[in-house]
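Colleague: Handing you this structure, nothing more for now.
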Amino acid sequence: MEAQTQTQSERVWVEDLAEQGGAKNATVRGIVIDVKEGSGLAYRCPECKRVLRKMACRIHGQVQGVPDLRVKAVVDDGSGAMVAVFNRQLTEGLLKKTLDACVAESKDNQDVIRDQLADMLVAQPVEVRGDVTSDDYGLMMVVDAARVLKVDLAEEAKAIVAETDWSELSEAAKTYTRVAKKYAEAGGDAQGFDEQWTEAIEKAEEEIGEPWP
Ligand SMILES: [Zn+2]
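Using this note's numbering, the first residue of the sequence shown is number 2, and each one after it goes up by one.
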């Protein structure tokens, strides 16, 4: 178990992290704009832990690779971007499946897990916490804890439609404003929100068979 003091930290802007050259136990909220190559299932050298290329280590040559899972996500918070590296445990948590299951699933296609992670994370607001270091390639966080701040707008819209007093358009407008604010606070941008909201409304309209007011 982590100590309580380790589980919470102030939100930091990427721009400030860049100026400071990194930070310990920083919390960043932003949008995942890319899941980099090398994410997903990888095989490591049993000797030096380097990731194998074509099942060979550049130091130890042909070896029996040890499977591992990771994510290298590019997180942008509007002030800048950094790479957030998720370890095996966090990646298993995101995928809701084990490393063994990923190995079995990847027999025919090595990229299948990375594709799943990209589908899951790209364009999503996330909160990540960990130590951030800076080098010539930019900022990199080794993530200790992460959560996807996904607002399920389809579900929200459905609930709102069910509860909305159709004669009170001002109530629906108020709800829209509240959800938009929440989304913005979660690290989303207004345009991204509008796109998701429109989709949610369409789904909601399908559900009830009536137009949104
Ligand atoms: Zn090696």
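Every residue gets a Cβ at the ideal spot worked out from N, C-alpha and C, and that includes glycine.
(1) Can you give, in chain order, each stretch of the beta strand (DSSP E) that sits fully within the region 41 to 122 and has at least 3 residues?
(2) Among Q117, A43, V84, D132, which one has its Cα closest to the Cα of V104?
(3) State buried or exposed for D17, treating a residue as buried only when at least 16 other CB atoms are found within 10 Å of its CB.
(4) Among the candidates V75, P47, D78, D77, whose CA atom is the shortest distance from the CA of Q63?
(5) With a threshold of 8 Å, are at least 3 pairs of Cβ atoms found where one atom belongs to the region 112 to 132 and the other to the region 29 to 42?
(6) Look at the Cβ atom of A147, then the Cβ atom of V129, and state whether they are nearer than 8 Å.
(7) Note down, in chain order, each residue of its chain lying with its Cβ closer than 6 Å to the Cβ of Q21, except the 5 sequence neighbours on either side.
(8) Could you say which of S40, G66, V144 lies nearest to R51 if we only look at CA atoms?
(9) Shorter than 7 Å, the distance from the beta carbon of R54 to the closest heavy atom of ligand 1, or not?
(10) I need the DSSP call for A24, collapsed to helix, strand or coil.
(11) Taking the beta strand (DSSP E) that G131 falls in, what are its first and last residues?
(12) Alpha carbon to alpha carbon, how far is R45 from G23?
Modeller: This is what the structure holds:
(1) 41 to 45, 67 to 77, 82 to 87
(2) Here the question's residue 104 lines up with position 103 in the sequence shown. Per the Cα distances, A43.
(3) Here residue 17 refers to the residue found at position 16 of the sequence shown. Per the 10 Å Cβ criterion, exposed.
(4) Locating residue 63 in the sequence shown gives position 62, counting from the first residue. Checking every option, the nearest Cα to that of Q63 belongs to P47.
(5) yes
(6) Residue 147 sits at position 146 when you count from the first residue of the sequence shown. Residue 129 sits at position 128 when you count from the first residue of the sequence shown. Yes, these two residues count as a Cβ contact at 8 Å.
(7) Start at 1 with the first residue of the sequence shown, and residue 21 comes out as number 20. Within the same chain, Q21 has no close Cβ partners at all.
(8) Residue mapping note: residue 51 aligns to position 50 of the sequence shown, counting from 1. When each option's Cα is compared against that of R51, the closest is G66.
(9) Along the sequence shown, one-based indexing puts residue 54 at 53. No; taking the cut-off as 7 Å, the Cβ of R54 has no heavy atom of ligand 1 nearer than that.
(10) Mapped onto the sequence shown, residue 24 falls at position 23. A24: strand per DSSP, three-state reduction.
(11) Position 130 of the sequence shown, counting from 1, holds the residue named residue 131. Its beta strand (DSSP E) spans residues 126 to 136.
(12) Looking up residue 45 in the sequence shown gives position 44. Looking up residue 23 in the sequence shown gives position 22. Their Cα atoms are separated by approximately 27 Å.
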